[in-house]
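Numbering (my numbering), first residue to last: 95 to 271.
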């Protein structure tokens, strides 16, 4: 209720089975109630994060206000669509609270910036198929922050157990007013 969560694993891997590091964050804070997850090719993850941070800072300086999740999604969609012929290999997930109503906002995108704004949850990354099943089984509407944390943690842990290319720890962010 009046909260949203975003989470990811911490594995930094190259090729199919080589793990380079187990402390790579893929979720980045873009505002006080706005987070963006960028699973995908690590170099593109860092490039998109830096470009987004620059554009968000520029927006906040020009507009003299914090960026809202829906404006951020449009900005991210435009950034990805600009590179549609040589795309960034990321599959963004945006989570936040709308400024005036504090309603949860989630959105996923493909690599060219087509937004998907469902009512319940978004999954992305290597274990997306496993996460869909776990989230459909565990997610309920109007969860409290504590229950949401438990639900997203259980979904991640169980999905990681079924996918060898993800895991090695996780970070979970609960966004509440």
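Where a beta carbon is used, it is the ideal one built from N, C-alpha and C, also for glycine. Fair warning: this is a prediction, and the values are worked out from it, not measured in the lab.
Subject >> Contacts around residue 229, its chain only, beta-carbon distance under 7 Å, and the 5 residues preceding and following it disregarded >> reply: 215, 217, 249
**OP:** Consult DSSP for residue 238 and reduce its assignment to one of helix, strand or coil.
**Re:** coil
Original post:
Any idea which residues DSSP pairs residue 129 with across the strands?
Top reply: 123, 189
Subject >> Residue span of the beta strand (DSSP E) that contains residue 117, given as start and end >> reply: Residue 117 -> no beta strand (DSSP E), and no H or E assigned at all.
**OP:** Scan the region 151-235 and note each continuous alpha helix (DSSP H) run of 4 residues or more that stays entirely inside, going in chain order.
**Re:** 163-176, 222-232
Subject >> Close beta carbons around residue 64, own chain, < 7 Å, minus the five adjacent residues each side >> reply: Because residue 64 is not part of the residues shown, which for the chain are 95 to 271, the question remains open.
Original post:
Anyone know if the C-beta pair for residue 203 and residue 166 falls short of 8 Å?
Top reply: no
Subject >> Burial state of residue 188, where buried means 16 or more other Cβ atoms lie within 10 Å >> reply: buried
Original post:
Taking the alpha carbon of residue 135 as the point to measure from, which residue in 244, 98, 212, 184 has its own alpha carbon closest?
Top reply: 184
Subject >> For residue 170, the nearest candidate out of 197, 155, 192, 144 (CA to CA) >> reply: 144
**OP:** Return the CA-CA distance between residue 146 and residue 197, expressed in angstroms with no decimal places.
**Re:** 23 Å
Original post:
Helix or strand or just coil, what does DSSP make of residue 96?
Top reply: coil
Original post:
Excluding the five sequence neighbours on either side, which residues of its own chain have a C-beta within less than 6 Å of the C-beta of residue 122, listed in chain order?
Top reply: 130, 143
**OP:** Please list, in chain order, all residues of the same chain as residue 245 whose beta carbon is under 7 Å from its beta carbon, the five residues on each side excluded.
**Re:** 232, 233, 237
Original post:
Comparing alpha-carbon positions, which option in 227, 207, 126, 168 lies nearest residue 98?
Top reply: 126
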